[in-house]
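**Q** So the sequence shown is residues 3 to 331, counted in our numbering.
Dropping the structure in here first, questions after.
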Amino acid sequence: MEKVSLIVAIYKSEKFLPKLLDSIVSQTWQNLEILLMDDGSPDNSGLICDQYASKDSRIHVVHRKNGGACEARNDGLSRATGDYILVIDGDDWLEPDYVEYLMNLIHKTGADMAMTDSIFTTRNRTQVKSDSIEIYTPEEAFCAIIYPKIPIGPWNKIYKNDLLKKNNIDFSRPWSGEGLYFSAKAAQFSNFVAVGHKKIYNYRLNNANSGLTHYNILMGINALENIKYIGDTRIIKSERTQYAVDWHIWKNYGYTLFLIVATDSIEENKQLYEECIKKLRSMLLSVIIHSELGMKMKTKMLVQGLFPVSWAKRSLNKQLKEFKLDSME
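Put into C-alpha cells, the structure is as follows:
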C-alpha cells in the first residue's frame with residue numbers, strides 16, 4: 003500500500019472543515035500523509051486542524067502567513083513525501099473510497115495520473131449507473147481537461163509525485179485557473195492517463211466565501227491570462243490542442259463578461275466589457291466549427307455568442323436562484 007499525500011489549503015473553512023477532515027481520516031486507503039495548510043485563516047480553522055492532528059498521527063498541520071491557496075498548495079507539495087499526490091479544497095468532502103478508487107485506476111493501468119469525469123455536488127447527489135476504465139493519451143487527456151469534459155479542479159485527479167517533481171509542476175499561476183494549468187501540464191507529461199466515471203469527490207457549491215459565489219473580476223482576468231499561457235507553453239503543439247485552448251479562451255471571455263455583469267461594474271470596466279463582447283462574436287464561428295463538443299453545447303454557444311450580455315444576465319439570475327435553494331450542509 004503506497005503512501006498517498008493529501009494536500010489541503012485551508013482558509014475560512016471552520017463551518018465545513020470537520021466534515022472534510024472526518025471524510026479524510028476515515029478513508030479505506032489508510033497509508034496517508036495528510037498535510038493541512040492553514041493559510042493564516044482568521045477563524046477557528048487552524049484550531050480545528052490542531053485538534054484533529056492531536057488524534058491522528060498521519061495529520062501534519064502547517065500554520066502559514068496568508069499568501070493564497072496557490073502558495074499554500076506549493077508549500078504542501080514541497081513537504082509531501084508520498085508516492086502519489088492529491089490536492090483537495092478546504093470546504094469539500096470525500097467519499098470513503100476516494101483514495102482507494104483513484105489508486106485502483108493507477109494499479110490497473112500503470113498510469114502516471116488518474117482522474118474521474120464525474121463528481122457529486124451539493125446539488126447533484128446521483129451516482130453514475132455504470133463504471134469503466136478508459137485510457138487517454140496525453141493529448142486526449144489535455145483536451146478533455148481543457149474543454150472541460152473533466153471537472154476543471156485538481157481535486158478529482160491523482161498524480162505520481164515523481165512526475166510532478168521531475169517536471170517542476172506546481173501552482174505557479176495566479177488564481178483562478180491555476181488548477182487547470184496544474185492538471186493540464188501534468189497530463190501532458192504523463193505516460194498516459196487513466197479515467198474512471200464513479201463519483202468519489204463532493205464539490206461544495208454553497209460556500210458564500212468561495213470564489214464560485216463571491217464574484218471578483220480579477221478571477222476572470224487571471225483565468226484568461228492562464229488559459230492563454232497554457233496555450234503558449236503547452237508541450238503537445240497539435241491542431242487539436244490549439245482548438246481546445248481556443249475554445250477555452252472564448253469561454254473565459256464569456257466568464258469575464260459574466261463577472262462584470264454580476265458585479266454591476268460595466269462603467270468601471272468598459273474597455274474590458276467591450277473586448278469580451280467583441281471576442282465572443284469574432285471567435286464564435288471558429289470555435290463552433292473546430293471544438294470537440296456536441297450539437298447541444300454548440301447551440302448554446304451560438305446563442306451566447308450572438309447575445310452575450312443577455313446570456314450573462316440570465317446566467318447570473320440562474321446562479322443566484324440555485325444558490326438560494328442549495329441548503330445542504
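Each residue gets a CB set at the ideal place from its N, CA and C atoms; glycine is no exception.
How long is the line joining the alpha carbons of Pro140 and Glu269, rounded to whole angstroms?
**A** 43 Å
**Q** Going by other Cβ atoms of all chains shown within 10 Å of its Cβ, with 16 needed for buried, is Leu287 buried or exposed?
**A** exposed
**Q** For Leu261 versus Ile232, is the C-beta distance shorter than 8 Å?
**A** no
**Q** Which runs of the alpha helix (DSSP H) spanning at least 4 residues fall entirely within the stretch 242 to 300, listed in chain order?
**A** 272 to 284 and 286 to 292
**Q** Does the beta-carbon of Val130 have 16 or more other beta-carbons within 10 angstroms, so that it is buried, or is it exposed?
**A** exposed
**Q** Distance, Cα to Cα, Ala74 vs Ser174?
**A** 11 Å
**Q** Quick check for students: name the residue ranges of the beta strand (DSSP E) that lie wholly in the stretch 116 to 150, counting only runs of 3 or more.
**A** 136 to 138
**Q** Looking at the structure shown, is His109 part of a helix, part of a strand, or coil, going by DSSP?
**A** helix
**Q** Do the CB positions of Asp133 and Phe18 come within less than 8 Å of each other?
**A** no
**Q** Tell me the DSSP secondary structure of Arg206 in three-state form.
**A** Correct three-state label for Arg206: coil.
**Q** Looking only at its chain, what residues have a beta carbon closer than 7 Å to the beta carbon of Thr111, apart from the 5 residues adjacent to it on each side?
**A** Ile135, Ile137 and Ala196
**Q** How close, in whole Å, do the beta carbons of Val63 and Ile9 come, if the pair is a contact with beta carbons under 8 Å?
**A** That belief does not hold up - the Cβ atoms of Val63 and Ile9 are roughly 12 Å apart, past 8 Å.
**Q** Under three-state DSSP, which class holds Gly198?
**A** strand
**Q** Out of Ala314, Thr258, Asn211 and Ile202, state which residue places its alpha-carbon closest to the alpha-carbon of Ile229.
**A** Thr258
**Q** Would DSSP call Arg75 helix, strand or coil?
**A** helix
**Q** Could you give the uninterrupted runs of the beta strand (DSSP E) lying entirely in the stretch 147 to 192, keeping only those of 3 residues or more?
**A** 159 to 162
**Q** How far does the alpha helix (DSSP H) with Ser7 in it extend, from its first residue to its last?
**A** Counting along the chain, Ser7 falls outside any alpha helix (DSSP H), though it belongs to the beta strand (DSSP E) covering Val6 to Ile12.
**Q** Ala146: which of Ser267, Thr265, Leu274 and His250 sits nearest, CA to CA?
**A** His250
**Q** Would you mind working out which of His109, Ile12 and Ile202 sits nearest Ile50, comparing C-alpha positions?
**A** Ile12
**Q** Can you determine whether any heavy atom of the ligand FMN sits closer than 7 Å to the C-beta of Tyr54, and answer yes or no?
**A** Ligands are entirely absent from the displayed structure, and the ligand FMN is therefore not among its contents.
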